[in-house]
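So the sequence shown is numbered by the numbering used here: it starts at 9 and just counts up by one.
No residue lacks a Cβ here, since even glycine has one placed at the ideal position from N, Cα and C.
Heads up: the structure comes next, in structure tokens.
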Amino acid sequence: MTEIAAIVLAAGKGTRMKSDLPKVMHRIAGRSMLGHVMDNLAQLKPSKLVVVIGPGMDDVAAEVAPHPTVIQAEQLGTGHAVAAARGAVGAVNGTVLVLFGDAPFVAAETMSRLVARREAADRPAVVVLGVRPADPNGYGRLITDPKGNLIRIVEHRDADAAERAVGLCNSGVMAIDGGVLWSLVDAIGNANAKQEYYLTDAIAIAQRMGRSVAVVEADGKELPLIGINSKVELAEAEAICQQALRRRAMENGVTMIDPASVFLSADTVFGRDVVIGPNVVIGPGVTVGDKVELRAFSHVEGAAIAAGALIGPFARLRAGSKIGAGAHVGNFVETKNAVLGEGAKANHLSYLGDAEIGARSNIGAGTITCNYDGFVKAKTTIGAGVFVGSNTALVAPVTVGEGALIAAGSVVTRDVAPDAMVVARGQQVEKAGWAVKFRAARQALKKKP
Ligand code: UD1
Ligand code: CA
9 MTEIAAIVLA AGKGTRMKSD LPKVMHRIAG RSMLGHVMDN LAQLKPSKLV VVIGPGMDDV
69 AAEVAPHPTV IQAEQLGTGH AVAAARGAVG AVNGTVLVLF GDAPFVAAET MSRLVARREA
129 ADRPAVVVLG VRPADPNGYG RLITDPKGNL IRIVEHRDAD AAERAVGLCN SGVMAIDGGV
189 LWSLVDAIGN ANAKQEYYLT DAIAIAQRMG RSVAVVEADG KELPLIGINS KVELAEAEAI
249 CQQALRRRAM ENGVTMIDPA SVFLSADTVF GRDVVIGPNV VIGPGVTVGD KVELRAFSHV
309 EGAAIAAGAL IGPFARLRAG SKIGAGAHVG NFVETKNAVL GEGAKANHLS YLGDAEIGAR
369 SNIGAGTITC NYDGFVKAKT TIGAGVFVGS NTALVAPVTV GEGALIAAGS VVTRDVAPDA
429 MVVARGQQVE KAGWAVKFRA ARQALKKKP
């Protein structure tokens, strides 16, 4: 096995996005476009992986850390961007994969196919991934000779009518012989419509050097949209990706009552026999155990939901929520950094933040953990088998011992011993017949002129 190195180009400003956010940081299914590329690439275990970014793109550098980044000071084209990575990549005894940060749907399998083709007996200097988009506008076209051999790539802007009629396009992904990469890059000029250094020129240059080139065609593993350049394409990509994620989830046994209204994230993990109602949104970082039911209109992110739990309708699970097996989180209940033990229930109208709730405890309707004093967050700990009456305010930091009972409407400010009963509310005062006298007095007042 020879070495595989990778260069991901992400320095473009993405002018067509009309955004302050670097293009590759825009998210699809809860993950940045660049994140999708990096995750797929990671499956090939490259020996070196360098990301080319623009000046000031600290957020992009943070996104790919610990992988190194190099800064392309001026965006003079994809060939120029690869050249910027030269020092960081150095000599590669094998294949260098070049990928674009704005092409998130290139499957790891496809990347491997490209490497394998590059390392086949005829040793092509460059292998390019060809795609046939429904609308080839804007893509570079793969120009072949009458025998179907690739001769060059022509960018859309530089192409004539006959070339624009070609349906086979450049995906942007290339596998290049590490031994010739830098001499190819050195030979790229900028005599074209945009006066940019096009990496695509490497195809014609390699052949002038007497080396062969090859095309590998995408085979349906890729989602249909390749390069994402605008907000419209971003939304199309999101829709395509969502559809694929839902399909995969259903193929793995998830029941969806109205799939088109469900949103998933690229990293969502489902167990068996999960049921998802209409209009459920699942953000990043969610794992859903076997036989969990996510009822309609629930919004879940950064949460681990154990087997058999019942969530929603209208529940909101935020980051750090850990819902135990068989637990219930009902309508208008919000959890954040909250652990609910096995079989615990919070069925109605609650906020549980920075809290730990023991197994089988029941959180009454309207219960709130007061976890924030305007400056710092504090924790509420509730033991197992606790009954928290409706409309209780738990002023954190506070601990309620196992088996305790809290009367409805309590404001709990001090720790509660196990098995104790706490009432922390105004006393009920009753005055017999008071209402009769009150009504008579008010009526008399009303009659006066
Ligand atoms: C590019 C290809 C085109 C292909 C299409 C597929 C070239 C010359 N053109 O066109 O053949 O069909 O992608 O989507 O390669 N980048 C840099 N530095 C630069 C310029 C670009 O890092 O100086 C990065 C961008 O961040 C982006 C990628 O390279 O991730 C592609 O650049 P972009 O400007 O989007 O190229 P396209 O015009 O889409
Ligand atoms: Ca592009």
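Exposure label - residue i; buried when at least 16 CB within 10 Å
i, result
"Y380", "exposed"
"M429", "exposed"
"G22", "buried"
"I376", "buried"
"A447", "Per the sequence shown, residue 447 should be read as Arg rather than Ala. R447 should be labelled exposed."
"L122", "buried"
"S369", "buried"
"S273", "buried"
"P54", "buried"
"L453", "exposed"
"T10", "exposed"
"D67", "exposed"
"T421", "exposed"
Distance cut-off 7 Å: residue i Cβ against heavy atoms of ligand 1
i, result
"T208", "yes"
"K31", "yes"
"H88", "yes"
"Q250", "no"
"L192", "no"
"V60", "yes"
"I234", "yes"
"E259", "no"
"G64", "no"
"N145", "no"
"L176", "no"
"S27", "no"
"E171", "no"
"L17", "yes"
"G148", "yes"
"E225", "no"
"G85", "yes"
"Q80", "yes"
"I161", "yes"
CB of residue i within 8 Å of CB of residue j, strictly
i, j, result
"S238", "R24", "yes"
"Q80", "V60", "yes"
"G186", "G102", "yes"
"L231", "A257", "no"
"V162", "V221", "no"
"M119", "L49", "yes"
"G310", "R326", "yes"
"S398", "G372", "yes"
"M46", "V72", "yes"
"G351", "A363", "no"
"L176", "V106", "no"
"G109", "M65", "no"
"I390", "G374", "no"
"G409", "V424", "yes"
"S306", "V294", "no"
"V78", "A93", "yes"
Among the options, the one whose alpha carbon lies nearest that of residue i
i, options, result
"E127", "I319, I184 and P405", "I184"
"A312", "G393, F383, G351 and S329", "S329"
"T131", "V223, L57 and L150", "A quick correction: the sequence has Arg, not Thr, at residue 131. When only C-alpha atoms are compared, the closest one is V223."
"R125", "A333, L57, A226 and V437", "A226"
"A115", "G64, P154, C177 and V181", "V181"
"L318", "P292, N345, K344 and D281", "D281"
"A37", "L137, Q250 and A412", "Q250"
"Q435", "G320, G417, K445 and H88", "G417"
"K353", "G382, G393 and A268", "G393"
"I331", "F322, F340, P321 and K344", "K344"
"P292", "Y147, H44, Q451 and T400", "H44"
"L402", "T388, V347 and I159", "T388"
"A19", "Q83, A70, F340 and K56", "Q83"
Residue i, enclosing beta strand (DSSP E) - first and last residue
i, result
"F340", "H336 to L348"
"N178", "C177 to D185"
"F108", "G102 to F108"
"R160", "L158 to V162"
"L150", "R149 to T152"
"E171", "Per DSSP, E171 belongs to no beta strand (DSSP E); it is in the alpha helix (DSSP H), A169 to R172."
Endpoints, alpha helix (DSSP H) assigned at residue i
i, result
"A124", "A116 to R126"
"S191", "L189 to A195"
"L49", "M41 to A50"
"L453", "W442 to K455"
"D66", "D66 to V72"
"K6", "No statement about residue 6 is possible, as the shown extent of the chain runs from 9 to 457 and does not include it."
"I331", "Careful: I331 lies outside any alpha helix (DSSP H), inside the beta strand (DSSP E) at S329 to I331."
"A14", "Unbroken run through A14 is the beta strand (DSSP E), E11 to A18; no alpha helix (DSSP H)."
heavy atom of ligand 2 below 7 Å from residue i C-beta
i, result
"N237", "yes"
"F108", "yes"
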